[in-house]
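The numbering of the first sequence is the numbering used here, which starts it at 1 and goes up by one. Cβ atoms here follow ideal geometry from the backbone N, Cα and C, with glycine treated the same way.
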Amino acid sequence: MTERKILVTAALPYANGPIHIGHLVEYIQTDIWVRFQKLRGNRCIYICADDTHGTAIMIRARQEGRSEAALIAEMQAKHESAFANFEIEFDHYGSTNSEENRTLCAEFWSAIRAAGLVKEKEIEQLFDPQEGIFLADRFVRGTCPNPKCSAPDQAGDNCTVCGWTYSPADLIKPVSTLSGASPEVRKATHLFIELEKLHEFLDTWIQSGEHLQPEVANYLQGHFLHKPLRDWDISRPAPYFGFEIPDSPGNYWYVWFDAPIGYMASTQQWCDRHQEDFDSWWRNQETEIHHFIGKDITYFHTLFWPGMLKSAGFNLPTKVHIHGFLTVGGEKMSKSKGTFIMADTYARHLNASYLRYYFASKLGSRLDDLDLNLDEFVAKVNSDLIGKVINLASRSAKFVKQVGLSNTYPNDQGLFEHAAKIGDEIANAYEHCDYSRAMRLIMELADRANPFVESAAPWNLRKNPEKAQELQDVCTIALNLFRQLAIYLAPVLPDLAKKTGELLSSPIQDWDESKQPLTGTPVRKFKHMLQRVEPKDIDKMMEESSEQTAPTSSDDVQDSSDWLDAEPLAEQCTIDDFVKVDLRVARVLTAEDVPDANKLLKLTLGLGGNEQRTVFAGIKSAYKPADLVGKKVVMVANLAPRKMKFGISEGMILAAGPGGQEVFMLGVDDGASPGQRIH
RNA sequence: GGGCCGGUAGCUCAGUUGGUUAGAGCAGGGGACUCAUAAUCCCUUUGUCGGGGGUUCGAGUCCCUCCCGGCCUACCA
């Protein structure tokens, strides 16, 4: 086989938050692929970096009273240690905030300029006079401009109540979520890349060959490429944490411009350290470039990024591998349910190998979401890894500790040869990121090996000294079959491969070692290679995950400031203002689904006696109608009725939370009765 | 509303270009073994392959239609 030259990247984690198990799907998936390529003898490097620029980092650094540099340095150290805990081994882990990146950005920029793709446009944007910065859509909230809706407290780009989309400048009574000040409209000149000029190229690139999974190519075609591509707003005015654009003082490259270039800057750093030629990686048709990303950033990696690379004359991605999100127990990860598991939390309680194997057994080449089902997790790891695979070594190694492996490989009725042949199929599955198929094939081999040991019964052979040779032969076969599996699993379980190498005095270094039996080597004393998963450890991990957000004792409560940051306190009001709002205890009398509505439930609320209100509440995704009936809730009883698509709503229910499944209604303690006013 | 993916045994899934009585693992039941991390081995139960129509000598596999679930979108990057 000729050696391939492969550069692999995983998406750059943003320096604003810690790594959680959702992130790990990608880094583990990528790590497996890279380890596989290396094991096959290919030249392969795994490049990543922290993504450090943008408004969010700037604002957080301000709030924490320190420099951006200090913040991102701390985050990067945390990220790298989290990855190390999961045996994710990068060849280089850099940062987008590096001189190498600045230089490369400038190189891209002049190429894109030279290609005539840049144009200036004046746009109107909201500006926070108190903080002195322009506000991205998500930092503005206000009343929905749809006259039929007028829902308060909506985000800057769309209304969650009526679904209107608009520009933040259209909001009525907009408020900056940073300072609470009312923003003013200011004009600013932004730089845009005219992506439409690359339309034909992108069309061809996306449709031709194997650059993308077919469903992704299809999606891009249907969503973007059937019409002219919009200009891409690539600059942000100062102040902005990032790189200033050399020929446009006061303007900075938008974080999504410099982030993917970070792949290359990180490669550059690696090259400098290893005396490698950068151009042989990024300007070399022989080199393959593989990006692994989540489906949320498809757009940037499949349209802008190839466009940028094309314009600047670099290698285009050979393939962009896109994966889905992680769910836990079939649902989106949720802090309140304890299923939002941080990488560090997992690592404190469970072994990384479990998760690597579990993910591998579930990952296919498509972008479906992947579910972490904890019962399945325990069953898979314990029965597949411990029960089937490791058991092979565990039950045979001790019999040959004195004598080692036989000098010639005995007749095993074709077991080894069969497994060697299947190896090609397994390799093919790895190559195509179809890890679940690879794991299935490997377990089928394990299922053939154990019956062999069973029928050969080494534990009987050892009782008869005359059968010493037969005993050694049987164990030589069992251990070789085991070693084959360890080689096939090596990309997923590097630790198992290492321990297998130690046990048999022969390190696993190449995939093709699975084709040739190992003979005549000493066998070390067998030590457990992996403990079984204990369900109680999972319970502890879940507990710890819940505790982080829902502490039970008030002594050491440390609530996050995220919510206040996202939505600062409103302007002061007087008691007179407050009494205008008539809050009442109400009982849910009926609750029914509104079939055509995405978010609404229709409730009848009783205020005692015959006083009732019909209220449409946006809690459909968080509550079932049946669970609501009889419940006491808090409502705004004197709210002006509003006509909605499905009827008139005569009030609103008080609830907190960001929306979606995370909506939490206010309850009242026992003793309060419907109709009572809340003072 | 549009797009994509999926609906096969209690659970997780495999079923290659349509071809014989539809499979595996796990779970369940029975037995064996006791070398092994209560691991292993043998035997064993279970399916209107989402519903309905069609093409065909023959359909889980192709076509149409409907139902259900997930994801993405809703003139927005």
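- Residues A446, A449, N450, V453, A478, L479, L481, F482, L485 of the same chain have their beta carbon placed closer than 8 Å to that of L392, with the five preceding and five following residues left out of the count.
- By the beta-carbon neighbour count (other beta carbons within 10 angstroms, threshold 16), T2 is exposed.
- Sixteen is the threshold: when 16 or more other Cβ atoms of the shown chains lie within 10 Å of the Cβ of E650, as they do, the residue is buried.
- If you draw a straight line from the Cα of I234 to the Cα of W253, it is about 6 Å long.
- Around the beta carbon of G630, fewer than 16 other beta carbons lie within 10 angstroms, which makes this residue exposed.
- DSSP links T30 through a beta bridge to no other residue.
- Secondary structure note for I678: it is in no alpha helix (DSSP H), with a DSSP letter that is neither H nor E.
- Counting C-beta atoms within 10 angstroms of its own C-beta, K187 has fewer than 16 neighbours from the protein chains shown and is therefore classed as exposed.
- Beta-bridge analysis with DSSP links E288 to I6.
- The shortest CA-to-CA distance from Y354 to any of T604, E417, S383, S336 is the one to S383.
- Within the same chain, Cβ atoms closer than 7 Å to the Cβ of F201 are found at K310, the five residues on either side in sequence being excluded.
- Taken atom to atom, the span from the alpha-carbon of D368 to that of I426 is near 21 Å.
- In the three-state DSSP reduction, S176 falls in the strand class (E or B).
- Rounded to the nearest whole angstrom, the CA to CA distance from M443 to F359 is 15 Å.
- The straight-line gap separating the alpha-carbon atoms of A49 and S150 is approximately 43 Å.
- In the DSSP assignment, Q76 falls within the alpha helix (DSSP H) that extends over 68 to 85.
- Of the other Cβ atoms in all chains shown, 16 or more fall within 10 Å of the Cβ of I619; this residue is therefore buried.
- Under the three-state reduction of DSSP, K401 is assigned to coil, being neither helix nor strand.
- Residue range 612 to 617 is occupied by the beta strand (DSSP E) that includes T614.
- G94 sits buried, since 16 or more C-beta atoms from the chains shown fall within 10 Å of its C-beta.
- Counting only residues of its own chain and dropping the five nearest sequence neighbours on each side, V400 has a CB closer than 8 Å to the CB of L471, Q472, C475, T476, L479, V523.
- In this structure, the CA atom of N315 is about 12 Å from the CA atom of W205.
- In this structure the region 40 to 58 does not lie against the region 224 to 233, because fewer than three pairs of beta carbons, one per stretch, are closer than 8 Å.
- According to DSSP, residue pairing for C48 in a beta bridge involves Y93.
- The three-state secondary structure of H528, taken from DSSP, is coil.
- The alpha-carbon separation between D203 and T318 amounts to approximately 16 Å.
- Residue pairing from DSSP places K319 in a beta bridge opposite H290.
- Listed in chain order, the non-local C-beta contacts of E502 below 7 Å within the same chain comprise R524, local neighbours out to five positions each way being set aside.
- CA-CA distance, R584 to P246, rounds to 60 Å.
- For Q269, no beta strand (DSSP E) segment is defined; the enclosing uninterrupted segment is the alpha helix (DSSP H) at 255 to 274.
- With respect to the 8 Å criterion, I88 and W270 are not classified as neighbours on the basis of their beta carbons.
- For I386, no beta strand (DSSP E) segment is defined, and its DSSP state is neither H nor E.
- The Cβ neighbour count for R677, taken over all protein chains shown within 10 Å, is under 16; the residue is labelled exposed.
- At the C-beta level, I19 and A343 come within 8 Å of one another.
- C-alpha of V175 to C-alpha of Q207: approximately 44 Å in a straight line.
- By alpha-carbon distance to G330, the top candidate from I322, I293, D375, L530 is D375.
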